[in-house]
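Okay, so here's the structure we're looking at.
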Amino acid sequence: MDECVLKIEQLEKSFGSLEVLKGIDLEIHKGEVVCIIGASGSGKSTLLRCINLLEEADAGHIWFDGQDLMDLSVDLNALRQKIGMVFQSFNLFNNKNVIDNCTLAPMTVRKVPRAQAEEAAVRNLTTVGLKDFIYADSTRLSGGQKQRVAIARALCMEPEIMLFDEPTSALDPEIVGEVLDVMKDLAAQGMTMVVVTHEMAFAKEVSDRVVFMDQGVILEQGSPREIFGSPKNDRTREFLSRYLEDKQQ
Amino acid sequence: MNPSAKGNFITRNHPYVFLGGSLIALLGLSLLYGEAHPLSFLTGNAPELLCRLILWAFLALSAVALVFKLFRGKSYRTCFLCREPMLTVSRLASYLVVLVCVLVFADRGIMQLIYTVQVCMEAKSNPQGFVPSMIYMSLKGKDMLLTGIWTTVRIALLGTAIAFVLAILMVFLRIQEPDKRDNDFVKALKWTANRFARFYIFVIRGTPMMVQALIFYYFGFNLFKRTGMTVTEINSVWSFFISGLCTVSLNSTAYLTEVLRGGIQAIDRGQTEAARSLGMSNWQSMIKVVFPQAVKNSIPAIGNEFIINIKDSSVLSVIGVMDLMYATKSVSGIYFRSLEIYCVAALLYLILTWLSSLLLRYLGKKLDTPVKGIPSSN
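Line order of the protein sequences matches chains A and B.
If you count by the numbering used here, then the first sequence holds residues 1 to 249, one letter each, in order.
If you count by the numbering used here, then the second sequence holds residues 1001 to 1378, one letter each, in order.
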């Protein structure tokens, strides 16, 4: 558990004059599930997108696999292969069916032979419970099915760490569960996961560590029991209490 | 009148029987009082007179209804014209009017046209009338016009196809943006590619195709002349057709590049992000994910460009490409009539573009059906 997979140092990012990340320090250990919570606009998603450089941070370091991703000479494509990402809006490839969504990257990037790639795809699709949909048109699935395909697609690259950017925010409450179940299974298998989420119950139950962000800084982090039981910071308490109030309505 | 009355348009009583019926009757009468022709079957007193009688009778009835309407105002709806059996009678009468008018149209319209064509085929000189002259010149210049149509279609089809291929190459130049992580050489290359494509599009879209055609033709001509070829040799290599085709292709390339660029920009950014997050390079995600979707979305616009090329290739006649426009000009020169033959040309272009749009719509529907049954190695 102690081996550090990802280490973020003093990460800063602004969009124009708007400072979104104001010096973030974060370490992710192997096999750890870290949930990042916080109000909308607090910089959670930006932090996650900076980790695999979908957004280029302005300053700081991202240490992964012995290399600094912020170093301009680093082979970004090679490192991204090891960082899986699941998006809020699924982003399945609309021109591919389910299995081709899963095999495209292994076949083009890692040059895995088709047969082997399809075998892995079927295995991962079975894991997420979509064995019967492998030849379905990806645009005709439900939101929950799409998101599970997206998870399987990321798994096909055999990543060392998975990033989830509000994976259930675009889903209706009835099908949030099916995606969260898949994520729980993944966590149980020892996958290192960073999850930006508004699902407090999930954060409480599954995560090893909860990180609370507000206005571009990490205000507080600790075990779920610490954060949800006795938050030290006033802002954390305010956020969580308001959240729980909303839940009860 | 109950709007939800049973039956369809034919079996149902409906308002405006007199208005619609009398308009049709008037049209029929205007044809019927026109000149009869030898092929007419509605001749002799009996049939022709009967037709006129029926139409006039209906008009008279309509006039009565109009008078009633004007004088009785709102209470018109309760008068005998708006009650059974008059409702049914007037409806059936209007059908009789329609039937008569169809007959009249077949006689004075279609048979008249057939007769005119027959006359024109045997005519020794260009007839005086507008339509006869159109038919006469179309028939006499048939070969020229058909060759012209064939050339126009070939240029539009080949030109759009070549332009599509070139546009695919050009759009890849156009979308190059130097990235922070590229080395200086790649940065310079990308910058040059981008600027070249932008300049090309700027020039081509900013100048008329007619001027482009002339510049292109003479440029090629002079180039070949420098190599010491004779005019005959040059004409066989750099023919009007070839230079015209090049003009259309290079012109359409600029427009189609912008079409494809629009298609690429319309693809959700998430598609690229997902591909990049899986470790695919910018190029790989473009080729495998974004571009196939962009091309599919651009198909209607590409079809549009084809239709535009059918019409716009007419300017190529200035350099002597023997397209439909050139053929029309030639026919006009031979028979000393302009308005008639240009109307024929307009009609032919209209038919070409109409047929193309039908074809494209059909193809578009075919392509939209999702591909099924992808083979598996499992």
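From the three backbone atoms N, C-alpha and C, an ideal C-beta is built for every residue, glycine too.
Residue i burial status per 10 Å Cβ neighbour count (16 or more: buried)
i, result
"N91 (chain A)", "buried"
"F1071 (chain B)", "exposed"
"K13 (chain A)", "buried"
"W1354 (chain B)", "exposed"
"P1085 (chain B)", "exposed"
"M1134 (chain B)", "buried"
"C4 (chain A)", "exposed"
"A1254 (chain B)", "buried"
"T1227 (chain B)", "exposed"
"M70 (chain A)", "buried"
"D214 (chain A)", "buried"
"Q1293 (chain B)", "buried"
"S45 (chain A)", "buried"
"P167 (chain A)", "buried"
"T317 (chain A)", "Because residue 317 (chain A) is not part of the residues shown, which for chain A are 1 to 249, the question remains open."
"I1149 (chain B)", "buried"
"A152 (chain A)", "buried"
"F93 (chain A)", "buried"
"W1238 (chain B)", "buried"
C-alpha distance - residue i paired with residue j, whole-angstrom precision
i, j, result
"T1207 (chain B)", "M1170 (chain B)", "19 Å"
"F1196 (chain B)", "L1173 (chain B)", "8 Å"
"V182 (chain A)", "L1157 (chain B)", "52 Å"
"S1376 (chain B)", "S1298 (chain B)", "Its pLDDT being 32, under 50, S1376 (chain B) is placed unreliably by the model, and the measurement read from it follows with that caveat. Each residue's alpha carbon lies about 30 Å from the other."
"V74 (chain A)", "K1311 (chain B)", "53 Å"
"C1101 (chain B)", "I1054 (chain B)", "10 Å"
"F64 (chain A)", "L26 (chain A)", "12 Å"
"P1038 (chain B)", "V1089 (chain B)", "36 Å"
"A154 (chain A)", "S1236 (chain B)", "59 Å"
"G66 (chain A)", "L72 (chain A)", "15 Å"
"P113 (chain A)", "D185 (chain A)", "28 Å"
"R1198 (chain B)", "N1126 (chain B)", "52 Å"
"E55 (chain A)", "M200 (chain A)", "26 Å"
"I1334 (chain B)", "V1064 (chain B)", "56 Å"
"V1017 (chain B)", "G1034 (chain B)", "26 Å"
"T126 (chain A)", "I134 (chain A)", "9 Å"
"D291 (chain A)", "I1351 (chain B)", "The question about residue 291 (chain A) has no answer here: the residues shown for chain A are numbered 1 through 249."
"I1302 (chain B)", "N1251 (chain B)", "13 Å"
"S138 (chain A)", "I51 (chain A)", "27 Å"
"I1307 (chain B)", "M1137 (chain B)", "26 Å"
"N124 (chain A)", "L1348 (chain B)", "59 Å"
"F228 (chain A)", "D234 (chain A)", "13 Å"
"V1289 (chain B)", "A1188 (chain B)", "26 Å"
"V1321 (chain B)", "L1139 (chain B)", "22 Å"
"A1167 (chain B)", "V1203 (chain B)", "15 Å"
"L1029 (chain B)", "L1092 (chain B)", "19 Å"
"A1123 (chain B)", "V1117 (chain B)", "10 Å"
"L1096 (chain B)", "A1057 (chain B)", "11 Å"
"L1146 (chain B)", "D1179 (chain B)", "54 Å"
Rounded Cβ spacing between residue i and residue j (contact assumed at less than 8 Å)
i, j, result
"I250 (chain A)", "I24 (chain A)", "Look at the range of chain A in this structure, 1 to 249, and you will see that residue 250 (chain A) is not part of it."
"L1031 (chain B)", "G1109 (chain B)", "7 Å"
"L1316 (chain B)", "A1163 (chain B)", "At roughly 15 Å, the Cβ-Cβ gap does not stay under 8 Å, so L1316 (chain B) and A1163 (chain B) are not in contact."
"E19 (chain A)", "G216 (chain A)", "6 Å"
"M157 (chain A)", "Q88 (chain A)", "Rounded, the Cβ-Cβ distance is 20 Å, inconsistent with contact."
"G1021 (chain B)", "S1062 (chain B)", "7 Å"
"T1247 (chain B)", "M1209 (chain B)", "7 Å"
"G1244 (chain B)", "P1300 (chain B)", "With a Cβ gap of about 26 Å, G1244 (chain B) and P1300 (chain B) do not count as contacting."
"L163 (chain A)", "V194 (chain A)", "5 Å"
"I1175 (chain B)", "R1276 (chain B)", "Rounded, the Cβ-Cβ distance is 15 Å, inconsistent with contact."
CB contact below 7 Å: residue i versus chain E
i, result
"Q81 (chain A)", "In summary, chain E is missing from the structure at hand, where the protein chains are A and B."
* Between the stretch 1271 to 1304 of chain B and chain A, which residues of the former have CB atoms less than 8 Å from a CB of the latter, in chain order? -> Those residues of the stretch 1271 to 1304 of chain B that come within reach of chain A (Cβ to Cβ, closer than 8 Å) are Q1271, E1273, A1274, A1275, R1276, S1277, L1278, G1279, M1280, S1281, Q1284, K1288, V1289, P1292, Q1293, K1296.
* Can you list the alpha helix (DSSP H) stretches of 4 or more residues lying completely in the stretch 1073 to 1100 of chain B, in chain order? -> none
* **Ranges of the alpha helix (DSSP H) found wholly within the stretch 1177 to 1237 of chain B, counting only runs of at least 4** => 1184 to 1206, 1209 to 1226, 1231 to 1237
* Asked: In chain order, which continuous runs of the alpha helix (DSSP H) of length 4 or greater are located wholly inside the stretch 1256 to 1283 of chain B?
  -> The qualifying runs are 1269 to 1277.
* Asked: For the stretch 1165 to 1185 of chain B, which residues have a beta carbon sitting closer than 7 Å to at least one beta carbon of chain A?
  -> K1180, R1181
* **3-residue-minimum beta strand (DSSP E) runs that sit fully inside the stretch 15 to 54 of chain A, ordered along the chain** => 18 to 29, 33 to 37
* Asked: Going along the chain, which residues of the stretch 194 to 227 of chain A sit with their C-beta nearer than 8 Å to a C-beta in chain B?
  -> none
* Asked: Which ranges would you report for the alpha helix (DSSP H) in the stretch 1296 to 1358 of chain B if only whole runs of at least 4 residues count?
  -> Fully enclosed alpha helix (DSSP H) runs of 4 or longer: 1324 to 1335.
* Asked: In chain order, what residues of the stretch 141 to 162 of chain A put their CB closer than 8 Å to some CB of chain B?
  -> A150, R153, A154, M157
* Given a limit of 9 Å on CB to CB distance, which residues of the stretch 63 to 79 of chain A reach chain B? -> Those residues of the stretch 63 to 79 of chain A that come within reach of chain B (Cβ to Cβ, closer than 9 Å) are L72, S73, V74, L76, N77, A78, L79.
* Asked: Taking a cut of 9 Å between CB atoms, which residues from the stretch 36 to 59 of chain A lie near chain B?
  -> Per Cβ criterion, the list reads R49, N52, L53, L54, E56.
* Asked: Looking at chain B, which residues of the stretch 101 to 126 of chain A have a Cβ within less than 7 Å of any of its Cβ atoms?
  -> Under the 7 Å Cβ criterion, the stretch 101 to 126 of chain A contributes L104, A105, T108, V109, R114, A115, E118, V122.
* Asked: For the stretch 85 to 97 of chain A, which residues have a beta carbon sitting closer than 7 Å to at least one beta carbon of chain B?
  -> From the stretch 85 to 97 of chain A, only M85, F87, S89, N91, F93, N94, N95, N97 have a Cβ closer than 7 Å to chain B.
* To do: Pick out the complete beta strand (DSSP E) segments inside the stretch 135 to 170 of chain A, 3 residues or longer, and give them in chain order.
  => 161 to 165
* What residue ranges within the stretch 1126 to 1168 of chain B form continuous alpha helix (DSSP H) runs of no fewer than 4 residues, ordered along the chain? -> 1130 to 1140
* Asked: Which runs of the beta strand (DSSP E) spanning at least 3 residues fall entirely within the stretch 49 to 122 of chain A, listed in chain order?
  -> 59 to 64, 83 to 86
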